[in-house]
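Residue numbers (my numbering): 1 to 254.
See below:
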């Protein structure tokens with residue numbers, strides 16, 4: 001079983017009032033790690049010290065797209081937080097056409113080439129438009145992987161299915177490129193204005209089949225991320241943890 005992390009974006013609003021208490025609660029729930037880019041109002045060094053105190057590892061960070069001017073800064077951020085993965089997202093306008101999608105892929109490929117000598121792996125985080133937008137019979141997601149061979153995928157399984165794809169089939173086809181898996185759940189409704197998510201295990205996704213499709217030799221982390229929920233976000237985070245651990249799909253802090 002792979003370790004389970006929480007993307008701290010999930011509890012971003014709660015952290016505005018109590019950063020330390022919120023992170024400690026994540027540790028108390030049992031998560032093995034967190035995904036973040038630091039903590040609001042704290043230096044990276046202080047954030048890293050807090051994580052060590054609680055016993056949380058950092059699975060990966062999210063950053064801007066690496067280039068020659070910011071590569072050292074991103075690598076230093078990873079080193080301080082103790083991880084070797086940076087993840088970048090992008091909007092639908094960046095893949096509105098085939099040419100734009102290929103340009104986006106080329107930019108990511110250059111980013112990977114810049115970070116490789118620094119020991120940092122670059123992945124892209126998808127939303128639904130990478131799967132709903134197709135060009136010449138291929139999804140934008142497939143074009144990204146084909147045109148950026150040194151870039152990995154942090155596959156968000158909910159947005160994958162929301163965009164019309166089968167996350168199990170996507171993972172089975174591309175499992176060698178998926179070291180990080182974003183696990184979320186929900187009703188899969190709302191069109192361009194998605195309905196609130198649910199705790200993992202309370203929505204419509206076949207979570208056991210999805211996780212079971214990953215390659216254990218490649219997938220390093222399962223990462224819970226919930227954008228918005230009707231319930232309290234810490235409650236939803238705890239329920240997600242309890243489901244994934246209880247079903248034997250992931251492991252918590254040891």
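Just so it is clear, CB atoms sit at the ideal spot from N, CA and C, and this is done for glycine as well.
What you are looking at is a predicted structure, and each value in this text was computed from that prediction instead of being measured.
Inset, instruction - Determine the extent of the beta strand (DSSP E) in which residue 29 is found, giving its start and end residues. - result: Note, residue 29: premise wrong, no beta strand (DSSP E); alpha helix (DSSP H) at 19 to 29.
Inset, instruction - Have a look at 148, 140, 128 and flag the residue whose alpha-carbon is nearest the alpha-carbon of residue 121. - result: 148
Legend entry - Inter-residue Cα distance where the pair is residue 84 and residue 58: 9 Å
Legend entry - Presumed contact (8 Å Cβ cut-off) between residue 250 and residue 24, rounded CB distance: Not a contact, Cβ separation roughly 21 Å.
Inset, instruction - Indicate whether the contact test is met: 3 or more Cβ pairs, each with one atom in the segment 166 to 174 and one in the segment 223 to 238, closer than 8 Å. - result: no
Inset, instruction - Please go through the same chain and pick out, in chain order, the residues whose beta-carbon is closer than 7 Å to the beta-carbon of residue 160, but skip the five residues on each side of it. - result: 126, 131, 167, 170
Inset, instruction - Provide the residue(s) that pair with residue 222 in DSSP beta bridges, ordered along the chain. - result: 4, 181
Legend entry - Cβ pair count under 8 Å reaching 3, the segment 91 to 105 against the segment 43 to 54: no
Legend entry - Residue closest to residue 104, alpha-carbon to alpha-carbon, out of 66, 75, 119: 66
Inset, instruction - Run the CB neighbour count on residue 177, radius 10 Å, all protein chains shown included, and call it buried at 16 or more, exposed below. - result: buried
Legend entry - Per-residue DSSP class, three states only, for residue 151: coil
Inset, instruction - Buried or exposed for residue 230, please, with buried defined as at least 16 other CB atoms from any protein chain shown within 10 angstroms of its CB. - result: exposed
Inset, instruction - Report buried or exposed for residue 41, applying the criterion of at least 16 other Cβ atoms within 10 angstroms of its Cβ. - result: exposed
Legend entry - Contact the segment 236 to 254 vs the segment 186 to 204: 3+ CB pairs below 8 Å: yes
Inset, instruction - Report the rounded CA-to-CA distance for residue 247 versus residue 78, giving the unit in angstroms. - result: 32 Å
Inset, instruction - For residue 68, I'd like the list of residues in its chain whose CB is within less than 7 Å of its CB, leaving aside the five on either flank, ordered along the chain. - result: 114
Inset, instruction - Using a threshold of 8 Å, state whether the C-beta atoms of residue 11 and residue 233 are closer than that. - result: yes
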